[in-house]
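**Q** Chains A and B, in that order, are what the protein sequence lines are. Positions 0 to 317 (numbering that gives the first Met the number 0) are the ones given, in order, by the first sequence. Positions 0 to 546 (numbering that gives the first Met the number 0) are the ones given, in order, by the second sequence. The beta carbon of each residue, even a glycine, is placed where N, CA and C say it ideally should be. This structure is a prediction, so every number in the text was calculated from the model and none was measured.
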Amino acid sequence: MTEILTMVAQRLALGLLTLFVVSLIIFLGIELLPGDLTEAILGQSATPETVAAFRKELGLDLPPHTRYFEWLGGILQGDFGKSLANQREISELIGVRFANTLFLAAIAAIISVPLAVTLGVLAALHRNSFFDRSINVVTLSSISFPEFFVAYILILFLAVNVNIFPSISNVSADLGFWERVYRVMLPALTLTLVVVAHMMRMTRASIINLLASPYIEMANLKGLSRSRIIVHHALPNALAPIINVIVINLAYLVVGVVIVEVVFVYPGLGQLFVDSVIKRDVPVVQGSCLIFAATYILLNLTADVLSILSNPRLLHPK
Amino acid sequence: MSTDGGKHEMGEVLLEMRGLRIEGQSDEQWHEIVNGIDLTLRRGEVLGLIGESGAGKSTIGIASMGFARPGCRISGGTIVFDGIDMTAASEETKREIRGSRIAYVAQSAAASFNPAHKLIDQYSETPVQHGILKAAEAEQDAKDLYRRLQLPDPDNIGYRYPHQVSGGQLQRAMTAMAMACKPDLIVFDEPTTALDVTTQIEVLAAIKDVVRQSNTAAIYITHDLAVVAQMADRIMVLRYGDLIEEGDAREMLANPKEDYTRQLVAVRTYKKEDAAAAPSERPLLDVQDVSAAYGNTLLVLQDIDLQVERGRTVAIVGESGSGKSTLARAITGLLPPLKGKVLFDGEELPASYKARSRDQLRHLQMIYQMPDTALNPRQKVRDVIGRPLSFYLGMDSQAREKRILELLDMIELPADFADRYPGELSGGQKQRICIARALAANPEVIICDEVTSALDQLVAEEILKLLQRLQDDLGVTYLFITHDLATVKAISDEIVVMLQGRIVEQGEKHEILTPPHHEYTELLLSSVPEMDPDWLDSVLEKRKAAQ
Chain A
0 MTEILTMVAQ RLALGLLTLF VVSLIIFLGI ELLPGDLTEA ILGQSATPET
50 VAAFRKELGL DLPPHTRYFE WLGGILQGDF GKSLANQREI SELIGVRFAN
100 TLFLAAIAAI ISVPLAVTLG VLAALHRNSF FDRSINVVTL SSISFPEFFV
150 AYILILFLAV NVNIFPSISN VSADLGFWER VYRVMLPALT LTLVVVAHMM
200 RMTRASIINL LASPYIEMAN LKGLSRSRII VHHALPNALA PIINVIVINL
250 AYLVVGVVIV EVVFVYPGLG QLFVDSVIKR DVPVVQGSCL IFAATYILLN
300 LTADVLSILS NPRLLHPK
Chain B
0 MSTDGGKHEM GEVLLEMRGL RIEGQSDEQW HEIVNGIDLT LRRGEVLGLI
50 GESGAGKSTI GIASMGFARP GCRISGGTIV FDGIDMTAAS EETKREIRGS
100 RIAYVAQSAA ASFNPAHKLI DQYSETPVQH GILKAAEAEQ DAKDLYRRLQ
150 LPDPDNIGYR YPHQVSGGQL QRAMTAMAMA CKPDLIVFDE PTTALDVTTQ
200 IEVLAAIKDV VRQSNTAAIY ITHDLAVVAQ MADRIMVLRY GDLIEEGDAR
250 EMLANPKEDY TRQLVAVRTY KKEDAAAAPS ERPLLDVQDV SAAYGNTLLV
300 LQDIDLQVER GRTVAIVGES GSGKSTLARA ITGLLPPLKG KVLFDGEELP
350 ASYKARSRDQ LRHLQMIYQM PDTALNPRQK VRDVIGRPLS FYLGMDSQAR
400 EKRILELLDM IELPADFADR YPGELSGGQK QRICIARALA ANPEVIICDE
450 VTSALDQLVA EEILKLLQRL QDDLGVTYLF ITHDLATVKA ISDEIVVMLQ
500 GRIVEQGEKH EILTPPHHEY TELLLSSVPE MDPDWLDSVL EKRKAAQ
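#1: Compile a chain-ordered list of the residues in the segment 112-127 of chain B whose CB is closer than 8 angstroms to at least one CB of chain A.
#2: Establish whether the CB of Ser99(B) and some CB of chain A are separated by less than 8 angstroms.
#3: So which residues of chain A does Ser107(B) contact, with C-beta pairs closer than 7 angstroms?
#4: Is DSSP giving Lys340(B) helix, strand or coil here?
#5: For the structure I just gave you, are there three or more beta carbon pairs, one from the segment 117-130 of chain A and one from the segment 264-278 of chain A, closer than 8 angstroms?
#6: With 16 other CB atoms within 10 Å as the buried threshold, where does Trp70(A) fall?
#7: Since I believe Arg179(A) is in contact with Phe102(A) (beta carbons under 8 angstroms), could you give me their beta-carbon distance rounded to a whole number of angstroms?
#8: Could you name each continuous alpha helix (DSSP H) segment of 4 residues or more that falls completely within the segment 505-539 of chain B, going from the start of the chain to the end?
#9: What are the start and end residues of the beta strand (DSSP E) that includes Asn34(B)?
#10: Could you spell out the range, first to last residue, of the beta strand (DSSP E) harbouring Leu363(B)?
#11: Quick one: Cα of Gly320(B) to Cα of His482(B), how far?
#12: Answer yes or no: do Thr65(A) and Phe53(A) have a C-beta to C-beta separation smaller than 8 angstroms?
#13: Taking C-beta pairs closer than 7 angstroms, name the residues in chain A that Ile403(B) reaches, listed in chain order.
#14: At the 8 angstroms Cβ level, is Lys221(A) part of the contact set with chain B, yes or no?
#15: Take the Cβ of Tyr438(B) as the centre, count every other Cβ of all protein chains shown within 10 Å, and call the residue buried at 16 or more, exposed below.
#16: Using the rule of at least 16 other Cβ atoms within 10 Å of the residue's Cβ for burial, across every protein chain shown, is Lys117(B) buried or exposed?
#17: Please classify Ser1(B): does DSSP put it in a helix, a strand, or coil?
#18: Buried or exposed, going by whether 16 or more other CB atoms sit within 10 Å of the CB of Glu510(B)?
#19: Cα-Cα, which of Leu289(A), Ile241(A), Gly58(A) is closest to Val254(A)?
#20: Could you give the DSSP three-state label for Gln106(B): helix, strand or coil?
#21: Buried or exposed for Thr5(A), please, with buried defined as at least 16 other CB atoms from any protein chain shown within 10 angstroms of its CB.
#22: Would Gln470(B) and Thr331(B) qualify as a contact pair, given that the criterion is a beta-carbon distance under 8 angstroms?
#23: Quick check: the Cα distance between Lys323(B) and Val164(B), rounded to an integer number of angstroms?
#24: Does chain A have any CB closer than 8 angstroms to the CB of Asp3(B)?
#25: Against chain B, does Asn299(A) count as a neighbour if the rule is that its beta carbon must be under 8 angstroms from one of theirs?
#26: In or out: Asn236(A) buried (at least 16 other Cβ within 10 Å) or exposed?
#27: Using beta-carbon positions only, say whether Cys71(B) and Thr86(B) come within less than 8 angstroms of one another.
#28: Leaving out five residues before and five after Leu297(A) in sequence, what residues of the same chain have Cβ atoms less than 8 angstroms from its Cβ?
#29: For Ala134(B), does the count of other Cβ atoms within 10 angstroms reach 16, so buried, or fall short, so exposed?
#30: Name, in chain order, the residues that DSSP records as bridge partners for Phe479(B).
#31: What first and last residue would you give for the beta strand (DSSP E) that runs through Val183(A)?
#32: Can you pull the DSSP bridge partners for Lys207(B)?
#33: Roughly how many whole angstroms lie between the Cα atoms of Gly18(B) and Asn34(B)?
#34: Check the Cβ-Cβ distances between His162(B) and every residue of chain A, and say whether any is below 8 angstroms.
#35: Quick check: is the beta carbon of Pro240(A) nearer than 8 angstroms to any beta carbon in chain B?
#36: For a contact defined as C-beta to C-beta under 8 angstroms, what are the partners of Phe66(B) on chain A?
Next comes the structure, spelled out in structure tokens:
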């Protein structure tokens, strides 16, 4: 057990290092963008003196490394700084939006993960059957269309033609839980359609890959039913690759939702991110990027730990 | 009729195969791999199926369960098990019979147990899924069987995962699993082939005991005639999917009728003549006080001292984990020793192969256990053998071509083999190519690491004879690493016995092989199965008496 703890600690330390490097890249990348908030607010007709005065007021005249370390130092104390656009605390601004994004991702995950694994197991069980082929065609088609296209198709059918779900996912803090679930249904379904193919195909492939193993032949010769062989003998040994692909998709659900949030006008972090880029609200962009990066790193760490825990050799050492 | 003096009754016919034909698929075409076999098995009878690889013995064994491996199909004939035609039965019927009435014990228990589940859960699964027992009853049964099979700590060992117990224990746990539903027939598919001799004898004894007590019929598949002699009432000898000979076990071992059977029975008779070591000033290879380890863990080799005289064959014998292959790695510098040194012809070799000169490398060549993995499948034989010629000896293409042909001639293969790829060769031919590659460097010492273990007996015998001839002609020195005592008896001048990283005994072959032996050497020697059908019982009795 201590070995596993050491490993988790190591991975965490590596994750922090990665995060530091990411923060540097974010900062430098945004530094390279042409223009800044002052130009965006004051417009092209502003005199150089006005622009310079405004920049000084916002602290944009300081050299880049000073601003970077001030920013990083602030974050280490939990202070993301203030939005340049509206002077609100960024942590507050991001907090609400990030919670919304996580809520949407969670709903999408609750639908898509069990669906993908079940479909994958069924496809492996009925390999090369009509069911297997059609499920492959359907999931591959849905992954092949761009997200916004899938989103508009869903709006057309489920919001316009048949009015089951709202086409705009407008949520606010005072809504009840089920009302929220109801309102995010369309974006969640869109995300599900986008991620299910990858997870389902990995589940199917990992299981089929194991079907040639001697212990599966043994299970056959023990007279077990086909479904028991797949679920009880193949699936537990196929978990590591499946977990990895699930977590990559979960990460995608959190950090890749930008387009879907924009289409459904959902007040998530992605939406805030896009707005802030347009406004050149640099601290908000930086803060959002860092949150996305941290989520991604944390989820990958979880995947590593879970795949190790799914290996009985490591979980039950000699 | 039976090996235990007719204690159990031979009953009615349990399994009957008539004109069984099985086809295997390769390159999109179906080839017959079993060509019309007739087989009859009565209740309580143990039938041995023996033959070399490719004989179709495993295929026939699992066909009794109406099962064909992926890429194979039962294409003709009938298989009737207790009145049920297994070739015509529905999947559902076959599923009900498999595991409950016919059970299977696989060659590699380590691969055939599911790594994700505990042993006892895998035991209980068969009776519970077949609706014969409840889980708690099955677990109780399992513990009783584990006890009968003499597994250590029978009440708790089942709650371990497969990787937590040893190979021999796993094989017994698998035998227990096969007995879970008290089947009428058990198919044993080379159950002891992957085990060390000292472990093999325990597993053989356990299997024989349980089969005898429960009066289960069995098909015992093996390539080892001495093993089958201990287990079977009747033997069928197979070759390339055809029946060569069938008969009572004792009768056949005493008077084999067919040539092929005679060859199999005679296979262990090859023996090198004893020759005393020529006195010399210094040994060709001198290993002094070598210790080695992988990483920072326990020492795998401890204080090894070993001298090898020019032109001699020194056999290093030991079971898996005894450190014999590690010794080869330490000598060749693949694993630099922690302490001690290796002298070649009086000159100390650098610890790591990286620091050795090309000439020092050239003097020590290796031949490996698996010719399949030791040859690059994308290189023609010409390139495989030609590489050391240009690397060590700097030959130009003309000289190389000439030498390749000479080498092919030496290993008794025709010249046109130079243009073949390893994939087009048989196992024995591949091993010959590996020998030619080692010889190409004009080495003084060739280290042979289990070179015959992956080969069939008759092929292995030919390889040993070839190695011997090469030694007589060229005067090369062999360090022969093996776990197989028959090979040791056949080829060695001197024997070194290793146990847990140490040398327990070393000396001239006749000294080691004649009593009194070191305790461990005695255990090793007495564990090698002999053709005598009463061998197992008598060894076990002797050991019991000695305790």
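**A** In this structure, then:
#1: Within the segment 112-127 of chain B, the qualifying residues are Phe112, Asn113, Pro114, Ala115, His116, Glu124, Thr125.
#2: Chain A, which has a Cβ nearer than 8 angstroms to the Cβ of Ser99(B), makes this yes.
#3: Here the neighbours are Pro213.
#4: Note: Lys340(B) maps to strand in three-state DSSP.
#5: Taking 8 angstroms as the limit for Cβ pairs, the verdict is that the segment 264-278 of chain A does not touch the segment 117-130 of chain A.
#6: Trp70(A) is buried by the Cβ-count criterion.
#7: Yes, they are in contact, since the Cβ atoms of Phe102(A) and Arg179(A) sit about 7 angstroms apart, within 8 angstroms.
#8: For the segment 505-539 of chain B, whole alpha helix (DSSP H) runs of length 4 or above, ordered along the chain, are 508-512, 518-526.
#9: Note, Asn34(B): beta strand (DSSP E), 28-41.
#10: Leu363(B) -> beta strand (DSSP E) spans 363-366.
#11: In a straight line, the C-alpha of Gly320(B) is about 11 angstroms away from that of His482(B).
#12: No, these two residues do not count as a Cβ contact at 8 angstroms.
#13: Ordered by position in chain A, no residue passes the 7 angstroms Cβ test against Ile403(B), which lies about 38 angstroms from the chain.
#14: True, the Cβ-Cβ gap to chain B drops below 8 angstroms.
#15: The residue you asked about is not Tyr; residue 438(B) is Leu in the sequence shown. Leu438(B) is buried by the Cβ-count criterion.
#16: The residue is buried, with at least 16 neighbouring Cβ atoms inside 10 Å.
#17: Note that Ser1(B) scores a pLDDT of 40, beneath 50, so its modelled location is shaky; the value from the coordinates is reported in the next line. Per DSSP, reduced to three states, the secondary structure at Ser1(B) is coil, with no helix or strand assignment.
#18: Burial call: exposed.
#19: Leu289(A) is the residue among Leu289(A), Ile241(A), Gly58(A) whose C-alpha sits nearest the C-alpha of Val254(A).
#20: Of the three classes helix, strand and coil, the one that applies to Gln106(B) here is coil, per DSSP.
#21: Flag for Thr5(A) reads exposed.
#22: Between Gln470(B) and Thr331(B), the C-beta gap is not smaller than 8 angstroms, which leaves the two residues out of contact.
#23: Lys323(B) and Val164(B) have their C-alpha atoms some 23 angstroms from each other.
#24: Only weak support exists for where Asp3(B) lies, its pLDDT of 44 falling under 50; the coordinates are left without a value.
#25: No, because no Cβ of chain B sits closer than 8 angstroms to the Cβ of Asn299(A).
#26: It counts as buried.
#27: Going by beta carbons, Cys71(B) and Thr86(B) fall outside the 8 angstroms limit.
#28: Once the five neighbours on either side are set aside, the close Cβ partners of Leu297(A) are Gly14.
#29: Classification of Ala134(B): exposed, given that the 10 Å Cβ count is below 16.
#30: Its beta-bridge partners are Ala314(B), Cys447(B).
#31: That residue, Val183(A), is in no beta strand (DSSP E); it is neither H nor E in DSSP.
#32: Paired residues: none, contrary to the question.
#33: Between Gly18(B) and Asn34(B), the alpha-carbon positions lie close to 8 angstroms from each other.
#34: Against chain A, the CB of His162(B) has a partner CB under 8 angstroms away; the residue lies at that interface.
#35: Not an interface residue.
#36: In chain order: Asn219, Leu220.
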